[in-house]
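Visitor: Structure provided below as structure tokens; questions to follow.
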Amino acid sequence: MVDRNLTKRELMVLRSLYNNSRLSIEEISENTGISRNTVAQIIRRLEDDGVIAGYTVKMNDDQLETVIAIVNGPIDIPEHVVYEDFSLSNGKHLLILDRSALSMGFPYESLWISTGRKFGKAMEARTAKVCDYCGKTIEGDPIIVHSHNRDYYVCCPNCEHDIKKRLKIE
Numbered sequence: 001m002v003d004r005n006l007t008k009r010e011l012m013v014l015r016s017l018y019n020n021s022r023l024s025i026e027e028i029s030e031n032t033g034i035s036r037n038t039v040a041q042i043i044r045r046l047e048d049d050g051v052i053a054g055y056t057v058k059m060n061d062d063q064l065e066t067v068i069a070i071v072n073g074p075i076d077i078p079e080h081v082v083y084e085d086f087s088l089s090n091g092k093h094l095l096i097l098d099r100s101a102l103s104m105g106f107p108y109e110s111l112w113i114s115t116g117r118k119f120g121k122a123m124e125a126r127t128a129k130v131c132d133y134c135g136k137t138i139e140g141d142p143i144i145v146h147s148h149n150r151d152y153y154v155c156c157p158n159c160e161h162d163i164k165k166r167l168k169i170e
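Just so you know, we're using our numbering here: the sequence shown kicks off at 1 and counts up by one.
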């Protein structure tokens with residue numbers, strides 16, 4: 001995957017695909033106000049760069065009961081009941097499982113049954129990873145410099161000053 005900041009247009013296309021991965025290029029174009037050719041180019045570039053790794057089905061989790069379990073290390077459980085498996089820093093695993101996993105008698109440390117799920121605004125949030133001036137990885141919240149209908153993300157006040165100087169903002 002290419003390590004770069006996403007443009008506003010790329011984020012708009014990603015948000016449309018995230019909400020409904022079955023949308024056609026024409027529908028994405030209508031939703032975002034971006035031309036069809038540009039949408040097609042953006043999607044192709046995001047796929048080539050590894051930002052889009054695939055298209056998945058998003059199930060209506062409000063209708064499903066899921067099991068959330070903390071287990072000590074990997075366990076022997078069929079893959080078809082595992083929705084997600086998070087490896088934790090303490091060596092344990094947090095598993096999101098289909099309700100049918102309850103009948104499998106796997107060993108767990110903690111177990112909960114979830115009757116619903118809501119998605120947060122993380123997809124809408126813009127988190128810069130790379131400074132647009134020096135190229136370093138940004139730790140914490142980026143400093144945002146607005147110029148010429150574009151947002152630049154920088155890592156520190158020095159880069160902020162230098163990019164403003166380069167863009168002739170000051």
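Even glycine gets a Cβ: it sits at the ideal position worked out from N, Cα and C.
Output the distance between the C-alpha atoms of residue 61 and residue 116, rounded to the nearest integer angstrom.
Guide: Its pLDDT being 49, under 50, residue 61 is placed unreliably in this model, and the coordinates cannot settle the point.
Visitor: Near residue 99, what residues of its chain come up, given a Cβ to Cβ distance below 8 Å and the 5 sequence neighbours on each side ignored?
Guide: Same-chain partners within the cutoff: 64, 65, 66, 67 and 113.
Visitor: Going straight from the alpha carbon of residue 30 to that of residue 150, what length do you get?
Guide: Cα to Cα, the separation comes out at about 22 Å.
Visitor: With H, G and I counted as helix, E and B as strand and the rest as coil, what does DSSP make of residue 22?
Guide: Looking at residue 22 - three-state DSSP - the assignment turns out to be coil, as it is neither helix nor strand.
Visitor: With residue 219 and residue 153 assumed to form a contact (beta carbons below 8 Å), what rounded beta-carbon distance in angstroms separates them?
Guide: Shown here, the chain extends from 1 to 170; a query on residue 219 therefore has no answer.
Visitor: Distance, Cα to Cα, residue 128 vs residue 155?
Guide: Only weak support is given to the placement of residue 128: the predicted model assigns it a pLDDT of 48, under 50, and the question is left unresolved by the model.
Visitor: Is there contact between the segment 6–21 and the segment 32–45, where contact requires at least three CB pairs shorter than 8 Å?
Guide: With a cut-off of 8 Å, the segment 32–45 and the segment 6–21 count as touching, because enough Cβ pairs lie within range.
Visitor: What do you get for residue 160, buried or exposed, if any count of 16 or more other CB atoms within 10 angstroms of its CB means buried?
Guide: Buried, because 16 or more other Cβ atoms sit within 10 Å of the Cβ of residue 160.
Visitor: Work out the CA separation of residue 48 and residue 75 for me, nearest whole Å.
Guide: Roughly 35 Å separates the two Cα atoms.
Visitor: When burial is assigned at 16 or more other CB atoms within 10 Å of the CB, is residue 97 buried or exposed?
Guide: By the neighbour-count rule (16 or more Cβ atoms within 10 Å), residue 97 is buried.
Visitor: Just to confirm the assignment: which complete alpha helix (DSSP H) runs, minimum length 4, are found wholly within the segment 32–74?
Guide: Runs of the alpha helix (DSSP H) inside the segment 32–74: 36–48.
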